[in-house]
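Here the sequence shown stands for residues 1 to 592, numbered as in UniProt numbering. From the three backbone atoms N, C-alpha and C, an ideal C-beta is built for every residue, glycine too.
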Amino acid sequence: MRQGPDMPWDSIHKQEAHTGTAPNLRDYATVCAGFSWEAARRALDGLPDGGLNIAHEAIDRHVAHGRGAHPALRWLGKAGARHDFTYADLKRLTDRFANALRTLGVAKGDRVFGLMGRLPELYIAALGTLKNGSVFSPLFSAFGPEPIRSRMELGDAKALVTTEALYRKKVMAWRHELPKLTHVLLVECNEAALPEGTLSLAQAMAAASETFAIEPTRPDDMALLHFTSGTTGRPKGAVHVHEAVVGHAVTGRLALDIHPEDRVWCTADPGWVTGMSYGIIAPLTNGATLIVDEAEFDAERWYGTLQNELVTVWYTAPTAIRMMMKIGTEIIRKYDLSRLRFLASVGEPLNPEAVVWSQQAFGRPFHDNWWQTETGGIMIANFASMDIKPGSMGRPIPGIEAAIVERKPEGVAVVEKPMAMGELALKPGWPSMFRGYLHEDERYKKCFVGGWYLTGDLAMRDADGYFWFVGRADDVIKSSGHLIGPFEVESALMEHPAVAEAGVIGKPDPMAGEIVKAFVALKGGYAPSEDLRKELLGHARKRLGPAVAPKEIDFRANLPKTRSGKIMRRLLKARELGLPEGDLSTLESDER
Ligand code: ATP
Ligand code: MG
């Protein structure tokens with residue numbers, strides 16, 4: 001019985017099992033040797049005639065290979081409910097969903113939006129939409145009415161799957177403004193009194209057939225529309241295609257160490273690309289079991305979930321890790337987390353302090369990895385199979401060419417010198433690469449210069465080929481001739497026991513050009529005071545030197561963050577300077 005896809009490096013495992021030698025995957029060169037995206041793609045089934053469909057690889061393939069009874073998804077409701085779905089269950093339900101769409105006349109290429117919390121229907125709708133060849137666009141359920149409307153308008157929404165409550169609260173008032181939106185399917189609804197122009201999803205699915213022939217999608221057919229986090233400005237709609245599944249399969253295995261017997265918990269909401277790529281597609285394509293918790297962050301609940309659900313692979317974000325650090329390790333001792341094997345983090349730079357902390361708290365380090373909505377999947381990672389350097393994002397995935405470049409009037413120049421700061425660039429051509437910003441061609445074209453995709457992030461590469469994040473190009477501070485990355489300053493502040501979170505900006509200054517200003521949220525048990533401010537300034541000076549250390553520190557109860565958990569430095573800066581606050585559609589409510 002074939003379990004997960006046979007990946008190019010599986011032969012190494014097999015050879016080692018045979019010869020009894022220790023796994024050699026710690027050797028980065030071995031992992032990369034002989035890797036090709038083409039070989040990785042051949043490891044998947046594909047559809048007849050060279051077709052490829054994400055949902056087929058994620059679900060149907062496992063059923064076809066005799067693993068229909070394997071658990072695919074365990075769902076944990078807010079109030080304690082639990083539901084299990086096998087791969088065969090998911091196949092049946094997504095087939096029904098796809099049939100329901102087809103019956104309604106929602107066709108290949110049509111956009112289907114999902115707006116709900118982490119309910120089982122969200123997972124069924126996403127994968128069922130892909131089976132139908134339609135394009136799925138997930139929206140975070142906590143968005144307000146306007147961010148929902150504008151994204152659905154930009155995305156030419158034809159259908160929406162949502163709950164009755166969200167529909168009434170956030171959609172009903174403006175629905176008539178989107179004439180292309182012809183179908184609204186409701187979950188958790190009162191079927192006896194549905195709002196006008198809506199259908200019950202349960203009824204539509206009950207009426208639909210349970211067998212479905214997957215639409216013959218091509219690798220290049222549009223599959224997903226993901227909006228970026230809006231950290232630096234107005235969010236962009238990144239277009240992704242079915243071929244992305246090849247990248248998800250590979251990176252799920254290599255960067256997150258997902259194997260068929262794993263129980264994988266990705267804490268990101270599928271409203272963001274992480275929750276879709278690694279909260280759904282990658283674990284399923286690798287034949288593992290998804291753990292889905294409907295509830296929001298709560299340390300006790302999280303540790304309980306890790307323990308009770310026997311989570312083996314855990315993918316989360318620095319914001320959550322910092323919240324756990326704030327609470328401390330004492331509480332962790334109450335739980336048996338011995339099943340946890342692989343911990344990974346994404347979304348923001350992971351402070352070295354957090355890696356050290358997790359080693360103490362969990363006996364295992366967090367593996368940082370870097371990618372963007374645009375890249376569709378992990379690009380640079382501290383692999384399971386290599387030594388971690390705390391504070392580094394790791395090394396490129398096989399098949400990914402990454403470089404530090406400098407923009408020049410005539411194009412870009414690759415910076416070869418180790419630890420020289422420049423823009424992180426990637427050679428286009430990997431399968432999960434975005435294929436456009438929907439309806440924004442100019443914005444898309446601007447990302448490519450001299451044959452490179454420019455990420456907008458500044459980084460450095462060390463002599464061993466590890467990449468180190470410096471900051472977003474927009475956030476870098478120019479002070480008295482120095483270029484200062486906010487991450488370095490924030491990480492130094494985080495080392496102080498009083499600091500829970502730090503956000504650093506450049507504040508205009510007549511002498512220096514800009515000075516470094518830090519905003520700091522304190523851990524429980526610490527209160528803002530002049531003495532503490534001085535102590536933190538002194539600590540930073542000692543750690544960073546006077547040129548890089550902040551000159552000013554302000555205390556905040558919380559730092560403003562996007563709903564995907566990223567510190568919005570541009571907003572700290574706009575407020576500091578009294579400038580317009582810009583697009584705040586993704587801002588999570590913050591206390592000033
Ligand atoms: P927008 O593009 O709308 O401003 P965004 O860039 O925050 O928003 P995402 O695509 O969700 O939207 O986030 C990708 C960005 O997150 C990266 O470009 C990088 O700045 C940051 N990031 C992600 N992972 C890491 C990491 N491991 N270390 C440092 N930064 C990271
Ligand atoms: Mg971005």
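Cβ of Arg472 within 6 Å of any heavy atom in the ligand ATP?
-> yes
Any idea what DSSP makes of Asp60, helix, strand or coil?
-> Of the three classes helix, strand and coil, the one that applies to Asp60 here is helix, per DSSP.
Cβ-Cβ distance between Ala255 and Ile388 below 7 Å | Not a contact, by the Cβ cut-off of 7 Å.
Would residue 593 pass as a contact of Pro349 if the rule is Cβ separation under 7 Å?
-> Because residue 593 is not part of the residues shown, which for the chain are 1 to 592, the question remains open.
Identify, in the order they occur along the chain, each residue of the same chain with its Cβ nearer than 7 Å to the Cβ of Thr21, setting aside the five sequence neighbours on each side.
-> Because Thr21 sits at a pLDDT of 37, beneath the cut-off of 50, its placement in the model cannot be relied upon, and the following sentence gives the value as read from the coordinates. Once the five neighbours on either side are set aside, Thr21 has no close Cβ partner at all.
How is the beta strand (DSSP E) around Ile515 delimited, first residue to last?
-> 513 to 522
Determine the closest residue to Gly237 out of Ala157, Gly525, Arg569, with distance taken between C-alpha atoms.
-> Among Ala157, Gly525, Arg569, the Cα nearest to that of Gly237 belongs to Ala157.
Between which two residues does the beta strand (DSSP E) carrying Ser345 extend?
-> 342 to 345
DSSP state of Val554, grouped into three classes?
-> According to the sequence shown, residue 554 is Asp rather than Val. Reduced to three states, the DSSP call for Asp554 is strand.
Cβ neighbour criterion (16 or more within 10 Å) applied to Phe227 | buried
Would you check whether the ligand ATP has a heavy atom nearer than 6 Å to the C-beta of Glu348?
-> yes
Grouping DSSP H, G and I as helix and E and B as strand, with all else coil, what is Ala207?
-> helix
Indicate the three-state DSSP secondary structure (helix, strand or coil) for Ala22 in the structure shown.
-> Summary for Ala22: the model assigns pLDDT 36, below 50, so the residue's position carries little reliability, and this model does not support an answer.
Test item: CB-CB of Thr274 and Lys566 under 7 Å | no
Between the C-alpha atoms of Phe434 and Pro71, what's the straight-line distance to the nearest angstrom?
-> 31 Å
Met511 to Met323, Cα distance in whole Å?
-> 37 Å
Alpha carbon to alpha carbon, how far is Lys108 from Gly133? Give it in angstroms, no decimals.
-> 4 Å
CB of Thr182 within 7 Å of CB of Met116, strictly = no
Below 7 Å CB to CB, which residues in the same chain sit around Gly471 once its five sequence neighbours on both sides are set aside?
-> Leu458, Gly485, Pro486, Phe487
Helix, strand or coil for Ile148 per DSSP?
-> helix
Is it a yes or a no for the segment 243 to 263 touching the segment 371 to 385, going by three-plus beta-carbon pairs under 8 Å?
-> yes
If you pair each beta-carbon of the segment 488 to 499 with each one of the segment 533 to 540, do three or more pairs fall below 8 Å?
-> yes
Measuring alpha carbon to alpha carbon, tell me which of Ile291, Ala354, Val311 ends up nearest Ala320.
-> When only C-alpha atoms are compared, the closest one is Ala354.
Comparing alpha-carbon positions, which option in Phe467, Lys573, Leu559, Glu490 lies nearest Lys507?
-> Lys573
Note the first and the last residue of the continuous alpha helix (DSSP H) segment covering Ser358.
-> It spans 352 to 362 - the alpha helix (DSSP H) in which Ser358 sits, taken as one unbroken run.
Taking only the alpha-carbon atoms, compute the straight-line gap between Arg395 and Arg461 and give it to the nearest angstrom.
-> 9 Å
Would you mind sorting Thr198 into buried or exposed? The rule is 16 or more other CB atoms within 10 Å of its CB.
-> buried
For Gly301, the first and last residue of its enclosing alpha helix (DSSP H) = A small correction: the amino acid at residue 301 is Arg; Gly does not occupy that position in the sequence shown. First-last of the alpha helix (DSSP H) with Arg301: 299 to 308.
Around the C-beta of Pro219, are 16 or more other C-beta atoms found within 10 angstroms, so that it is buried, or is it exposed?
-> buried
Within 10 angstroms of the Cβ of Pro23, are there 16 or more other Cβ atoms? Answer buried if so, exposed if not.
-> Residue confidence is low: Pro23 scores 38 on pLDDT, short of 50, so the model does not pin down where it sits. Its coordinate-derived value is still stated next. Counting Cβ neighbours within 10 Å, Pro23 comes out exposed, since fewer than 16 surround it.
Under the assumption that Tyr28 contacts Met386 (Cβ atoms under 8 Å), give the Cβ distance between them as a whole number of angstroms.
-> Right, their Cβ atoms sit about 5 Å apart.
With DSSP as the reference, please indicate the residues paired to Pro396 in a beta bridge.
-> Ile380
Determine, using beta-carbon pairs with one atom in the segment 282 to 299 and one in the segment 75 to 93, whether at least three such pairs fall under 8 Å.
-> yes
Per-residue DSSP class, three states only, for Trp468 = strand
To the nearest angstrom, how far is it from the Cα of Trp37 to the Cα of Glu514?
-> 45 Å
Inter-residue spacing [alpha-carbon to alpha-carbon] between Phe342 and Ile332 | 17 Å
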